[in-house]
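Asker:
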Amino acid sequence: MTGRLVRIEPLMVDHAAALHAANSSVENWAYLPYGPYPSLAAYEDWVSEVSRHSDPLFFAIVDPSEGPVGVASYLRIAPASGSIEVGHINFSPRLQGRPAATETMYLMMRWAFEAGYRRYEWKCDSRNAPSRRAAQRLGLSYEGIFRQATISKGRNRDTAWYAAIDAEWPALKAAFETWLDPANFDAEGRQRQRLSDLTRPILVATG
Numbered sequence: 000m001t002g003r004l005v006r007i008e009p010l011m012v013d014h015a016a017a018l019h020a021a022n023s024s025v026e027n028w029a030y031l032p033y034g035p036y037p038s039l040a041a042y043e044d045w046v047s048e049v050s051r052h053s054d055p056l057f058f059a060i061v062d063p064s065e066g067p068v069g070v071a072s073y074l075r076i077a078p079a080s081g082s083i084e085v086g087h088i089n090f091s092p093r094l095q096g097r098p099a100a101t102e103t104m105y106l107m108m109r110w111a112f113e114a115g116y117r118r119y120e121w122k123c124d125s126r127n128a129p130s131r132r133a134a135q136r137l138g139l140s141y142e143g144i145f146r147q148a149t150i151s152k153g154r155n156r157d158t159a160w161y162a163a164i165d166a167e168w169p170a171l172k173a174a175f176e177t178w179l180d181p182a183n184f185d186a187e188g189r190q191r192q193r194l195s196d197l198t199r200p201i202l203v204a205t206g
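Heads up, the sequence shown is in numbering that gives the first Met the number 0, so the first residue is 0 and it goes up one at a time.
#1: Can you tell me whether residue 62 is buried or exposed? The criterion is at least 16 other CB atoms within 10 Å of its CB, across all chains shown.
#2: What number of angstroms, rounded off, separates the C-alpha of residue 153 from the C-alpha of residue 184?
#3: What's the gap between the Cα of residue 55 and the Cα of residue 84?
#4: Provide the residue span of the alpha helix (DSSP H) that contains residue 169, from first to last.
#5: Along the chain, where does the beta strand (DSSP E) that runs through residue 147 open and close?
#6: What ranges does the beta strand (DSSP E) occupy inside the region 44-124, keeping only unbroken runs of at least 3 residues that lie completely in it?
#7: Rounded to whole angstroms, what is the Cα-Cα separation between residue 170 and residue 37?
#8: Alpha carbon to alpha carbon, how far is residue 161 from residue 206?
#9: Give me the DSSP bridge partner(s) of residue 158.
#10: For the region 12-32 against the region 73-90, do three or more pairs of beta-carbon atoms, one drawn from each stretch, fall closer than 8 Å, so that the two count as touching?
#11: Compare the Cα-Cα distances from residue 47 to each of 122, 113, 108 and 9 and report the closest residue.
#12: When burial is assigned at 16 or more other CB atoms within 10 Å of the CB, is residue 39 buried or exposed?
#13: In terms of residues, what are the limits of the beta strand (DSSP E) holding residue 7?
#14: Over the uninterrupted alpha helix (DSSP H) stretch that includes residue 196, give me the two end residues.
#15: Would you call the region 122-132 in contact with the region 145-159, where contact means no fewer than 3 C-beta pairs closer than 8 Å?
#16: Exposed or buried, what is residue 11 when buried is set at 16 or more other beta-carbons lying within 10 Å of its beta-carbon?
#17: Which same chain residues, not among the five before or five after residue 204, have their C-beta less than 6 Å away from its C-beta?
#18: Give the straight-line distance between the Cα atoms of residue 187 and residue 5, rounded to the nearest whole angstrom.
#19: Is residue 32 near residue 151, with beta carbons less than 8 Å apart?
#20: With residue 15 as the anchor, note down where its alpha helix (DSSP H) starts and where it stops.
#21: If the criterion is Cβ atoms closer than 8 Å, does the pair residue 175 and residue 105 meet it?
#22: In this structure, does DSSP put residue 163 in helix, strand or coil?
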């Protein structure tokens with residue numbers, strides 16, 4: 000998947016050195032069930048393992064000028080029921096909060112709906128406030144909390160569920176494309192319209 004700001008390609012060991020350096024912050028791994036990886040060798044082992052799987056299906060997010068700057072995946076891929084989830088999101092500080100991060104999520108959502116999926120899911124630890132805000136900014140509606148859903152790194156995890164469905168995609172696509180348009184940013188790169196203002200009317204529920 001190729002956009003104006005990023006390229007999304009299958010995760011490979013060749014990406015590992017750049018991604019390990021970019022994701023050196025321990026905070027980046029707080030809500031993931033694995034990591035952090037103190038050594039490059041350990042991270043390469045992890046990449047080598049997960050890149051063999053088709054579900055989760057891992058991708059590297061590549062900035063054309065900076066190289067690999069993040070990871071994301073599709074998972075719980077169920078073509079028969081038309082459901083797919085986005086997850087394992089680990090954006091480095093070089094990607095976080097930038098238009099390229101939003102474009103990454105747009106490209107992944109666009110692929111899913113254009114491939115015929117009816118439901119696009121996002122799940123996160125209920126304590127992960129930034130992830131919960133991000134889901135709703137991206138136009139995924141709140142669907143509730145699964146209490147004591149799992150144990151992650153020795154701690155209970157309640158899981159917050161969000162999703163968008165195919166009927167909402169035309170409006171979401173228009174919102175993303177309006178926000179990502181270069182005309183939406185001034186000469187200093189400041190947004191003129193917020194994506195959350197464009198997606199809020201599409202949300203069925205917030206939380």
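C-beta: ideal position from N, C-alpha, C; glycine also. Note that the structure is a prediction, hence the values are computed from the model and not measured.
Answerer: So, to answer that:
#1: buried
#2: 43 Å
#3: 9 Å
#4: 168-179
#5: 140-151
#6: 56-62, 66-77, 82-90 and 118-124
#7: 43 Å
#8: 9 Å
#9: 124 and 145
#10: yes
#11: 9
#12: exposed
#13: 6-9
#14: 194-198
#15: yes
#16: exposed
#17: 140 and 141
#18: 20 Å
#19: yes
#20: 15-21
#21: yes
#22: strand
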